[in-house]
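Per my numbering, the sequence shown runs over residues 28 to 398. Cβ atoms here follow ideal geometry from the backbone N, Cα and C, with glycine treated the same way. Treat the numbers as computed from the prediction; the structure is a model and nothing was measured. Some notes on the structure that comes next.
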Amino acid sequence: MSKSSISTNYQLRMLAFALTALILWLHFFTNYSKSTEQKIIDEELIKLNRYETTNSGVGLANPYDPLTTEQRLEKYYPYEKPVERIPKKIYQMWKHEQSHPDFPYKDLGERWKTMNPNYEYLFNTNEVLIDFLKDEFKHTVPEITMALEMLPTLILKSDFSRYLMVFLTGGMYGDLDTYLRWPVDQWWDSNRNVGFVAGIEADFNIHDWNNYMQRRLQFEQWFFKSQPHHPILRKLISTIVKTTFQARREEKLRPYYKDFENVDRCEAIDIMDWTGPGVFTDVIYAYLNSLKNPTIVDINMERSCSDWEMKGPDVPPGVAFSWKTFTCMDYPIFVDDVMIHPQKVFRGWGGECEICYMNHNFLGAWKNNQD
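Structure below.
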């Protein structure tokens, strides 16, 4: 056999060996990654289910499945259709006490109190509220307690806390930089037995709407009202729990995603979509579309833009409620026990109108309320 043949055979054997080694390495790495991820999930579930009582009658926690968390919340905190008005409670929060020299917007908070003397005004620092909520859920739905502990910034914790507090007791939440224009008892929804009240934040009828907002028509969450244990908040809480646990899992697998400094994006998940108006909007749409034969009351079906060309994303077939349902509305729409207000109601445009209940001053309170 010639030297060239020997050399060729040697090269082929080495190539075959290298390919075999590569295949084995890929097989090992893939299985290792999968087993590592599963191990992380198993560890979290073990931690959670240590809290479970043996006779709770509730399925074990699985924070990666929002439906499971929803069912657990429903078991411990059942919702009853409203027979009375939303509780007369006003919640606000900040990182400092109201007596602190750095506390902002003191006059706006006082306005909420003086204009609503028959309402209970409840102010809490973030720390006090978060500690209360962690203790409340620790022995009922502990995945919520763990999610609160995992959230990497106070902005996220603040968003999550407002939903949890109103979910527990009912009432309303308002950002500190909201300027109240009408007493709450004079609002349209205040003399009706509604379950949940929200308003439109933005309604951009332009082709590049996604350059300005997360959704074509987006609901605000600087103010909302709710009966205790409403399914919208239940679904919202469960969704945030899932997102938080997924982000935690990815952080453990890829530790270089730990830098949360001076950015509005965490773990490649935008704050707006993690706990803010993006997910708030998605959950409201999802809930409305889950209703079977809902009762719809559109106070004024005329739209200010009825002659305009509508610009926005396509709506999938069979979707009853979308941006098209609420775009250009000038008066509230009721869907079963949910009331959606037009943009002018809670945002305020500086003018006077019979349903311009507040101005949002957009002073960046949520951005300033950080560690």
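In the DSSP assignment, find the alpha helix (DSSP H) that holds residue i and state where it starts and stops.
{"i": "residue 98", "result": "93–103"}
{"i": "residue 11", "result": "Only positions 28 to 398 of the chain appear in this structure, which leaves residue 11 out of reach."}
{"i": "residue 201", "result": "It is not in any alpha helix (DSSP H) - residue 201 instead sits in the beta strand (DSSP E) that spans 198–201."}
{"i": "residue 135", "result": "133–142"}
Cutting at 6 Å between CB atoms, please list the residues of its own chain near residue i, excluding the five before and the five after it.
{"i": "residue 172", "result": "161, 164 and 165"}
{"i": "residue 245", "result": "228, 229, 304 and 308"}
{"i": "residue 332", "result": "355"}
For residue i, which of helix, strand or coil comes out of DSSP?
{"i": "residue 313", "result": "helix"}
{"i": "residue 285", "result": "Residue confidence is low: residue 285 scores 42 on pLDDT, short of 50, so the model does not pin down where it sits. No coordinate-derived value is stated."}
{"i": "residue 80", "result": "With a pLDDT of only 43 at residue 80, under 50, the local geometry of the prediction cannot be trusted, and the value read off the model is given with reservation. DSSP places residue 80 in coil when its eight states are reduced to three."}
{"i": "residue 180", "result": "coil"}
{"i": "residue 389", "result": "coil"}
{"i": "residue 365", "result": "strand"}
{"i": "residue 163", "result": "helix"}
{"i": "residue 125", "result": "coil"}
{"i": "residue 153", "result": "helix"}
{"i": "residue 190", "result": "helix"}
{"i": "residue 307", "result": "helix"}
{"i": "residue 120", "result": "strand"}
{"i": "residue 170", "result": "helix"}
With residue i as the anchor, note down where its beta strand (DSSP E) starts and where it stops.
{"i": "residue 228", "result": "223–230"}
{"i": "residue 207", "result": "205–207"}
{"i": "residue 370", "result": "Residue 370 -> not in any beta strand (DSSP E); alpha helix (DSSP H) instead, spanning 370–374."}
{"i": "residue 244", "result": "244–246"}
{"i": "residue 251", "result": "250–253"}
In chain order, what residues of the same chain have a beta carbon less than 7 Å from the beta carbon of residue i, not counting five sequence neighbours either side?
{"i": "residue 322", "result": "363"}
{"i": "residue 170", "result": "75, 88, 90, 96 and 268"}
{"i": "residue 190", "result": "260, 263 and 264"}
{"i": "residue 347", "result": "316"}
Which residues in the same chain have their Cβ closer than 8 Å to the Cβ of residue i, if we skip the five residues on either side of it in sequence?
{"i": "residue 196", "result": "114, 116 and 255"}
{"i": "residue 188", "result": "120, 153, 156, 157, 160 and 175"}
Label residue i either buried or exposed according to how many other C-beta atoms from any shown protein chain fall within 10 Å of its C-beta, with 16 as the threshold for buried.
{"i": "residue 343", "result": "exposed"}
{"i": "residue 94", "result": "exposed"}
{"i": "residue 365", "result": "buried"}
{"i": "residue 214", "result": "buried"}
{"i": "residue 389", "result": "exposed"}
Legend entry - 4-residue-minimum alpha helix (DSSP H) runs that sit fully inside the region 256–280, ordered along the chain: Whole alpha helix (DSSP H) segments, 4+ residues: 258–280.
Inset, instruction - Can you check the region 317–357 for any alpha helix (DSSP H) of at least 4 residues that lies completely inside it and give the ranges in chain order? - result: Considered as a whole, the region 317–357 harbours 350–353 as its complete alpha helix (DSSP H) runs of no fewer than 4 residues, in chain order.
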